[in-house]
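Trainee: I have a structure I would like to understand better, so I am pasting it below and will then ask my questions one at a time.
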Amino acid sequence: MPTYNLKVNGALHKIEAAADTPLLWVLRDQLALTGTKFGCGIGQCGACTIQINGVPARSCQTPISTVGAMRITTIEGLSPDGSHPLQKAWCHHDVPQCGYCQAGQIMTAAAFLQSNPTPTENEIDSAMAGNLCRCGTYLRIRAAVNEAAKLMQNGGRP
Amino acid sequence: MNASHSPFSRREFLRVTALAGGGFALSSAFPHEGWAEVGQALDDTAKIFTPGPFIKITPEGIITILAKNPETGQGIKTSLPMIIAEELDVDFSTIVIEQAALRKDVGPQFAGGSRSTPDNYLRMRQAGATARAMLIEAAAQIWQVRSTELSTNQGKVIHEASGRSLTYGQLATKAATLPLPAENTVKLKRDDSFRLLGSRVGGVDNPLIVTGRAEFGIDQKLPGLVYAALEKCPVFGGKVVSANLARIKALPGVLDAFVLEGTANINGLLPGVAIIARSTWAAFSAKRQLQIVWDESAATGHSTEAYAGQAVALAAGNGTKIRQEGDVTAALATASKVVTGAYFYPFLNHATLEPQGCTAWAREDGIEFWTTSQTPGSGQELVASTLKIPKDKLKLNLVRAGGGFGRRLANDYLVEAAAIALRTQGAPVKLTWTREDDMRHCFYRPAGFHFLKGAIDAHGRVSAWHNHFVTFGYKNTERPASSASLSPDELPARFIPNFELEQSIISTIVPTGPMRAPGSNGLAFVMQSFIDELAHAAGRDPVAFRLELLGTDRVIPPAQGQRGNPYDVARMKAVIALAAEKSGWGQALPRGQGRGVAFHFSHAGYVALVAEVIVTPDGALTVRQVTAAVDVGPIINLSGAENQVQGSIIDGISMAWLQEITHDRGRTVQSNFNDYPLLRSTETPAVSVNFIQSKNPPTGLGEPVYPVVPPAICNAIFAATGHRIRKLPISKTDLGWS
Chain Y
1 MPTYNLKVNG
11 ALHKIEAAAD
21 TPLLWVLRDQ
31 LALTGTKFGC
41 GIGQCGACTI
51 QINGVPARSC
61 QTPISTVGAM
71 RITTIEGLSP
81 DGSHPLQKAW
91 CHHDVPQCGY
101 CQAGQIMTAA
111 AFLQSNPTPT
121 ENEIDSAMAG
131 NLCRCGTYLR
141 IRAAVNEAAK
151 LMQNGGRP
Chain V
159 MNASHSPFSR
169 REFLRVTALA
179 GGGFALSSAF
189 PHEGWAEVGQ
199 ALDDTAKIFT
209 PGPFIKITPE
219 GIITILAKNP
229 ETGQGIKTSL
239 PMIIAEELDV
249 DFSTIVIEQA
259 ALRKDVGPQF
269 AGGSRSTPDN
279 YLRMRQAGAT
289 ARAMLIEAAA
299 QIWQVRSTEL
309 STNQGKVIHE
319 ASGRSLTYGQ
329 LATKAATLPL
339 PAENTVKLKR
349 DDSFRLLGSR
359 VGGVDNPLIV
369 TGRAEFGIDQ
379 KLPGLVYAAL
389 EKCPVFGGKV
399 VSANLARIKA
409 LPGVLDAFVL
419 EGTANINGLL
429 PGVAIIARST
439 WAAFSAKRQL
449 QIVWDESAAT
459 GHSTEAYAGQ
469 AVALAAGNGT
479 KIRQEGDVTA
489 ALATASKVVT
499 GAYFYPFLNH
509 ATLEPQGCTA
519 WAREDGIEFW
529 TTSQTPGSGQ
539 ELVASTLKIP
549 KDKLKLNLVR
559 AGGGFGRRLA
569 NDYLVEAAAI
579 ALRTQGAPVK
589 LTWTREDDMR
599 HCFYRPAGFH
609 FLKGAIDAHG
619 RVSAWHNHFV
629 TFGYKNTERP
639 ASSASLSPDE
649 LPARFIPNFE
659 LEQSIISTIV
669 PTGPMRAPGS
679 NGLAFVMQSF
689 IDELAHAAGR
699 DPVAFRLELL
709 GTDRVIPPAQ
719 GQRGNPYDVA
729 RMKAVIALAA
739 EKSGWGQALP
749 RGQGRGVAFH
759 FSHAGYVALV
769 AEVIVTPDGA
779 LTVRQVTAAV
789 DVGPIINLSG
799 AENQVQGSII
809 DGISMAWLQE
819 ITHDRGRTVQ
829 SNFNDYPLLR
839 STETPAVSVN
849 FIQSKNPPTG
859 LGEPVYPVVP
869 PAICNAIFAA
879 TGHRIRKLPI
889 SKTDLGWS
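Protein sequence lines correspond, in order, to chains Y and V.
Quick note: the first sequence uses this note's numbering, first residue 1, plus one each step.
Quick note: the second sequence uses this note's numbering, first residue 159, plus one each step.
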């Protein structure tokens, strides 16, 4: 089996895996980073969203062989202590119900706020439209992203 | 590596002796003690205060509260401990919440029927109040004062007269020596003195969820863990004839592949081919390369199209009368208007975002599970009866579930994981279903056909209601399948003088089961849409028409022999009136825009919704606003309760607008979220949640809002466009107008 050197959350990992193995299963089964979730396996639900070089990506659609030396960030690496403005806002608005989609939601939102720090509510909804929430917490997700944007504008560390 | 040189430990922990007829047998002897040392039971050591299973207070002041029921996103892991904390009088933010495993001393542990709150409210209050009384008694003995001189405040006992106070931690060792007071001697708080109940409290697992550290069913990590996938016959109940096992076993990463013969119990262990591998991906990849010859003989004649044809044919004849009052024929003959409508709602899948699965570890002393089951006690019994293992050898840890919605009331994945674990020679195994498995193997919300006839008399009132309900029976035409029945008491029975229900049954092989507000989730659409049709036929305002139909305030008991709650008409009318008021009901809207009202009573909850929609001339639908009025008695956690209402409305829009499961040649057609959509953020309306906190016992909120959504939306579409939706999902109808 081929070997890959993955850069995940700032650490290097030597991984042996079949070339077609989706990053999702490498993260979950081999690196024990289970915050990234399996929902559909076809890029429809967004539960597996991570960031590759800061850009949101579906880890279930990303074969390990395509990653190379790019920087992978998972929910576990978004902030060292859960203090990212989005994580704070998510708790403040009590967003989760079951919570299964929320890591993917937060990873999408974090990349979005980097590219658009002062979004309108419509822009937030559009940015988040690729992430399904089966429990229907979209209203709270929008409120939390909105609040995080304001926190970041007022100097909150992203 | 292949199975000929075993990847597993050489030691044979459990010997599989038979597969046929559902009989696995364990050869190894189990130890006598059971699971005491493994369980997460709260310690009962001398210094720690443990007045029963729910509370533990250490001398260091660490207060732990046990969350007894499965958490599936309904927020019960937060709200039941809140009830204890209220009576115990502690600062909830300082409490450690521990999820209970399945155990024998905490009462029933299930998440279903919106029952967790009503069934546990008093028990939780008593647990907290008992502990508080004992802490007060401990302080009274230490200070040599009367307990009536003492009070508590957020984790401290206070003697106001002397200004002394002790923390619960300081009192723990003394309290641990006291006898438990008799249950009925402990005084509960007055409801109007609650500080925590009714406030907004964030989910106790939120900090873990937002950092990716919350462990769901699929996230279990164990030493030596192996990974399993299971392929079952796409035709329900089909058996394996042969499979290319030798080729599968030779694939990289695959440790074993074998046929599970299964049993004939549709709710239990179905036949299939199991693959055990070194990673989930290796198992999934091998699963795709399976070539299985199935016995699909059961499939013939089972399709959505065939069912629709059978329904029409059955409706033309006579069904079984399940309720008959007055003289419907006469009332129809003398009516000023007669309205007819043929309604249909499809099969649905729960589509929990975490697919079904389970982790199981078969060891010498039994099998340990990490399960997301909503009914772990039933799961334990299913494994015991299917695999012939004593119940006390089955230890179930309850793990946070990525959604439930009733899917996890069934325990098929649990018994599958157990059967596979018996083949791994002591290695723990995680079974993960693919989304496609989950879509195609479900206990579906059953479809239903309703052929309705209603009469309006000369005074503009409903004088007759006739419904021929065509439903499904599992492989029979005598008894409705699970969640496919219609109570003779279902609304609007008891409110219309001439009333008749007939029932006919189509035989199906499709497994059915409860989904969020079972029964109601289809029936409310039919009843509340047809009442709307009658209101418009009578030329009446739909809100006023409903209030008049309900009549004077009274409590109506269930009919003789029927289960269920009485209807409290005052509560019904109050939610309708409030929803109307908060939504701006009656204010004029332009063409293409409309409001619809609906009311339903289910799972002891009273819910009215007003939906406002916009439909463009070319038929594009926007749900702009949904206003909810809800009476489930006092609210435990305001944040969690609002979240449930918001989520139920969004879920209800998905159901009404987008979702259907269809069948062809005895199998489910849909496979994933590309053909079984969920509502997305851009399609989400504004939602206004209004609670009436009536002085009734608190009841559950996971279910009662969901059924009311489709009729509110469909009635709004009628108001906007004149299109009457009688068939779900709405996406099947062209809503264009000119």
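Where is the CB? At the ideal position from N, CA and C, for every residue including glycine.
Being a predicted model, the structure only gives us computed values, none of them experimental.
Let me check understanding here. Comparing Cα to Cα, which of V:Y503, V:T517, V:N830 lies closest to V:G382?
Mentor: Residue V:T517 is the option with its Cα nearest to V:G382.
Trainee: Here's a check: name, in chain order, each residue in its chain whose Cβ is nearer than 6 Å to the Cβ of Y:Q102, leaving out the five neighbours to either side.
Mentor: The answer, listed in chain order, is P96.
Trainee: For the stretch 652-664 of chain V against the stretch 468-479 of chain V, do three or more pairs of beta-carbon atoms, one drawn from each stretch, fall closer than 8 Å, so that the two count as touching?
Mentor: These segments touch.
Trainee: Just the C-alpha distance for V:G395 and V:Q449, rounded to the nearest angstrom, thanks.
Mentor: Distance between the alpha carbons of V:G395 and V:Q449: 18 Å.
Trainee: Against chain V, does Y:E76 count as a neighbour if the rule is that its beta carbon must be under 8 Å from one of theirs?
Mentor: Interface residue, yes.
Trainee: So, with DSSP's three-state summary, where would you put V:S309?
Mentor: Strand, per DSSP.
Trainee: Closer than 8 Å by C-beta to V:S760: which residues in its own chain qualify, once you throw out the five before and the five after it? Chain order, please.
Mentor: Counting only Cβ-Cβ distances below 8 Å, and skipping sequence neighbours, we find A675, G677, S678, A682, E861, P862, P865.
Trainee: CB-CB under 6 Å to Y:P2, same chain, minus the five flanking residues each way: which ones, in chain order?
Mentor: Closer than 6 Å at the Cβ level, and outside the excluded window around Y:P2, lie A19.
Trainee: V:N873 by DSSP, collapsed to three states: which one?
Mentor: Residue state, collapsed to three classes: helix.
Trainee: Among the candidates V:G475, V:Q745, V:K588, V:F212, whose CA atom is the shortest distance from the CA of V:F442?
Mentor: Ranking V:G475, V:Q745, V:K588, V:F212 by Cα distance to V:F442 puts V:K588 first.
Trainee: Take the Cβ of V:K553 as the centre, count every other Cβ of all protein chains shown within 10 Å, and call the residue buried at 16 or more, exposed below.
Mentor: Classification of V:K553: buried, given that the 10 Å Cβ count is 16 or more.
Trainee: Going along the chain, which residues of its own chain have a beta-carbon closer than 6 Å to the beta-carbon of V:I424, five neighbours each way excluded?
Mentor: Result list for V:I424: P669, in chain order.
Trainee: Is any beta-carbon of chain V found at less than 8 Å from that of Y:P164?
Mentor: Nothing about residue 164 of chain Y can be reported from this structure: the residues present for chain Y run from 1 to 158 only.
Trainee: Just confirm the distance between the C-beta atoms of V:P856 and V:Y279, as a whole number of angstroms; I'd bet it's less than 8 Å.
Mentor: About 6 Å; that satisfies the 8 Å criterion.
Trainee: Please report how far the alpha carbon of V:T335 lies from the alpha carbon of V:T252, in whole angstroms.
Mentor: Going by the C-alpha atoms only, they are around 25 Å apart.
Trainee: Tell me, to the nearest whole angstrom, how far the beta carbon of V:G561 is from that of Y:C45; I am working on the premise that it is less than 8 Å.
Mentor: Going by Cβ atoms, the distance from V:G561 to Y:C45 rounds to 12 Å, so no, they are not a contact pair.
Trainee: Does the separation of the CB atoms of V:R698 and V:G618 fall below 8 Å?
Mentor: Contact flag set, yes.
Trainee: With 8 Å set as the bound, which would you pick, yes or no: does the beta-carbon of V:E770 sit closer than that to a beta-carbon of chain Y?
Mentor: Not closer than 8 Å to any Cβ of chain Y, the Cβ of V:E770 fails to qualify, so no.
Trainee: Taking the alpha helix (DSSP H) that Y:W90 belongs to, which residues open and close that run?
Mentor: Segment 85-92, the alpha helix (DSSP H) holding Y:W90.
Trainee: For a contact defined as C-beta to C-beta under 9 Å, what are the partners of V:W815 on chain Y?
Mentor: Near V:W815 there are no residues of chain Y at all, since even the closest Cβ is about 13 Å away, more than 9 Å.
Trainee: Do V:A799 and V:F849 count as a contact pair if the criterion is CB distance below 8 Å?
Mentor: It is a contact, given that the beta carbons lie within the stated cut-off.
Trainee: Just tell me which of V:R753, V:A296, V:G375 has its CA closest to the CA of V:L338.
Mentor: Looking at the Cα atoms, V:A296 is the closest of the given residues.
Trainee: How is the beta strand (DSSP E) around V:Y465 delimited, first residue to last?
Mentor: Element bounds for V:Y465: not the beta strand (DSSP E) but the alpha helix (DSSP H), 462-474.
Trainee: Among Y:P56, Y:N9, Y:H84, which residue has its Cα nearest to the Cα of Y:F112?
Mentor: Closest by alpha carbon: Y:P56.
Trainee: V:P792 to Y:I52, Cα distance in whole Å?
Mentor: Straight-line Cα distance between these residues: approximately 47 Å.
Trainee: Tell me which residues share the same chain as V:P775 and place their Cβ nearer than 8 Å to its Cβ, disregarding the 5 neighbours each side in the sequence.
Mentor: If we look at V:P775 and ignore the five residues flanking it on each side, its Cβ neighbours are G750, G894, W895, S896.
Trainee: Out of V:N634, V:L644, V:A642, V:G612, which has the shortest C-alpha to C-alpha gap to V:I654?
Mentor: Closest by alpha carbon: V:G612.
Trainee: Can you tell which of Y:L86, Y:T21, Y:C40 has its C-alpha closest to the C-alpha of V:D595?
Mentor: The shortest Cα separation from V:D595 among Y:L86, Y:T21, Y:C40 belongs to Y:C40.
Trainee: Who are the neighbours of V:D377 on chain Y, taking C-beta pairs under 7 Å?
Mentor: Here the neighbours are T34.
Trainee: Here's a check: name, in chain order, each residue in its chain whose Cβ is nearer than 6 Å to the Cβ of V:L346, leaving out the five neighbours to either side.
Mentor: Closer than 6 Å at the Cβ level, and outside the excluded window around V:L346, lie R283, A287.
Trainee: So, at 8 Å on beta carbons, what are the nonlocal neighbours of V:Q802 in its own chain, with the 5 sequence-adjacent residues on each side left out?
Mentor: Contacts found: Q232, G233, L859, G860, V863.
Trainee: When Cβ atoms are compared, which residues of the stretch 404-428 of chain V fall closer than 7 Å to chain Y?
Mentor: Within the stretch 404-428 of chain V, the residues whose Cβ lies closer than 7 Å to some Cβ of chain Y are P410, listed in chain order.
Trainee: What number of angstroms, rounded off, separates the C-alpha of V:Q482 from the C-alpha of V:A579?
Mentor: So the alpha carbons of these two residues sit roughly 53 Å apart.
Trainee: Which residue from V:T331, V:T533, V:A575, V:D550 puts its Cα closest to that of V:A559?
Mentor: Comparing Cα-Cα distances from V:A559 to each of V:T331, V:T533, V:A575, V:D550, the minimum goes to V:T533.
Trainee: Name the chain V residues whose beta carbon is nearer than 8 Å to that of Y:L132?
Mentor: Result: L511, F831, L836, R838.
Trainee: At a Cβ threshold of 8 Å, is V:W439 touching chain Y?
Mentor: Yes, its Cβ sits closer than 8 Å to a Cβ of chain Y.
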